[in-house]
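Structure first, commentary second.
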Amino acid sequence: MKKLFPWLGLGLLLATTAQATDPITIVAAENFYGDVAQQIAGPEVTVSSILSNPDQDPHEFEASPSVARGLSAASLVVYNGADYDPWMSDLIGALPRPERKTIVVADLIGKKTGDNPHIWYDPQTMPAFAKALAEQLSALDPAHAADYQQRLATFEKSLEPIHAKIASLKTRLAGVPVTATEPVFGYTLEALGTEVRNQAFQLAVMNGTEPSASDVAAFQDDLKNHKVKVLIYNSQASDPLADRMLSLAKEAQVPVVGATETEPPGTKFQDWVMGELDAIGKAVKE
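With positions in the sequence shown counted from 1, the corresponding number in the working numbering is that position plus 3.
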């Protein structure tokens, strides 16, 4: 671990000087968890997010000394898990603080290494995370437990339009063939009941391996012969083969919808997801 994080001495020093009576601070690995955390925690709690740059490929992230400083003093740490952000568990292990609490979101919904890690697009994920967060905050700060529970109820209600939108789209999109360069939006596509094609290609791109020639040929055939109604493209992570499929889709006039792995700046989680759903609905014609 020292070889991976040679600057950890500073973080360890900060960790030993942090006091349990400090104000509550939350550090989230990804900004969509940070956004939801702020909605539940309210203005009195400081929330920061590590991955928040929409131009950065999350798969290429490397932790820095500033990340260690934030983690060393955090009351509560939130990260995705399912091997999406393994650097986070490494840092937590290297910066021990007995009183610090941790929420691994994948554990809340039973996802593990080998599963599609893009779980924030699963409709069940954020309700589970918000509930777990409210419980942790209530334990850390019992005097304001009622406030956390009230904000949780408000957040849960704010998700109702998203669930209604998914249900509405499913009546039209169930069984409709779609494809993607990566399984970023996979859980939502499942919730919509679509037939997701070229999954072996998607997994290869996500894992940084070379898709087989037959997988590439099948993907190209789907696009050229309009066997799919839309292409979902990971607009945040570049890959030569994925870019080739994007170009081919445009040439064949197959609708393309971009999906990101980081919440766009200046938006809320609810608006971000609703925007993606609206884009899918508009792309797939009646």
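The beta carbon of each residue, even a glycine, is placed where N, CA and C say it ideally should be.
Counting of Cβ neighbours within 10 angstroms places Gly211 among the exposed residues, the total staying below 16. Here Ala149 is exposed. Its C-beta has fewer than 16 other C-beta atoms within 10 Å.
Here Ala220 is exposed. Its C-beta has fewer than 16 other C-beta atoms within 10 Å. Minimum Cα-Cα distance from Ala137 among the listed residues Lys288, Val48 and Leu249 corresponds to Val48. Contact between the region 223-235 and the region 275-288 is present: three or more C-beta pairs spanning the two stretches fall below 8 Å. By the beta-carbon neighbour count (other beta carbons within 10 angstroms, threshold 16), His121 is buried.
Fully enclosed alpha helix (DSSP H) runs of no fewer than 4 residues occupy 68-75, 89-97 and 108-111 of the region 52-116, in order along the chain. Around Thr28, the same chain offers Thr49, Ala77 and Ser78 as residues with beta carbons nearer than 6 Å, after the five sequence neighbours per side are excluded. Comparing alpha carbon positions, the residue from Asp38, Ile53 and Gln273 closest to Lys160 is Gln273.
When secondary structure is reduced to three states using DSSP, Pro180 falls in the strand class. With a contact defined as Cβ atoms closer than 8 Å, Asp125 and Tyr190 qualify at about 4 Å. Restricting attention to Lys271, Met248, Ser75 and Met129, the CA atom closest to the CA of His166 is found in Met129. By the criterion of at least three beta-carbon pairs nearer than 8 Å, the region 49-67 is in contact with the region 264-280. Contact holds between the region 200-211 and the region 178-190, because three or more Cβ pairs, one in each stretch, are under 8 Å apart.
Straight through space, the alpha carbons of Arg247 and Gly84 are spaced by roughly 30 Å.
With contacts defined as CB atoms closer than 7 Å, Val259 and Ile283 fail to qualify as a contacting pair.
Between the alpha carbons of Lys114 and Gln127 lies a gap of roughly 12 Å.
It is roughly 38 Å from the alpha-carbon of Leu143 to the alpha-carbon of Asn237. The shortest C-alpha to C-alpha distance from Met209 to any of Thr174, Glu264 and Lys173 is the one to Glu264.
Cβ neighbours of Leu176 within its own chain (closer than 7 Å, five residues either side excluded): Leu195, Gly196, Thr197 and Val287. Going by beta carbons, Leu244 and Leu226 fall outside the 7 Å limit. Less than 7 Å separates the beta-carbon of Gly37 from that of Ser52. Close CB contacts of Asp242 within its chain, under the 6 Å cut and outside five residues either way in sequence, are with Val208 (chain order). Between the alpha carbons of Ser67 and Thr157 lies a distance of about 35 Å. For Asn34, the uninterrupted alpha helix (DSSP H) run begins and ends at Asn34 to Ala44, by DSSP. If you ignore the 5 residues before and after Phe132, its C-beta comes within less than 8 Å of the C-beta of Tyr36, Val39, Val81, Ile106, Val108 and Leu111, all in its own chain and listed in chain order. The C-alpha of Gln41 lies about 41 Å from the C-alpha of Gln256.
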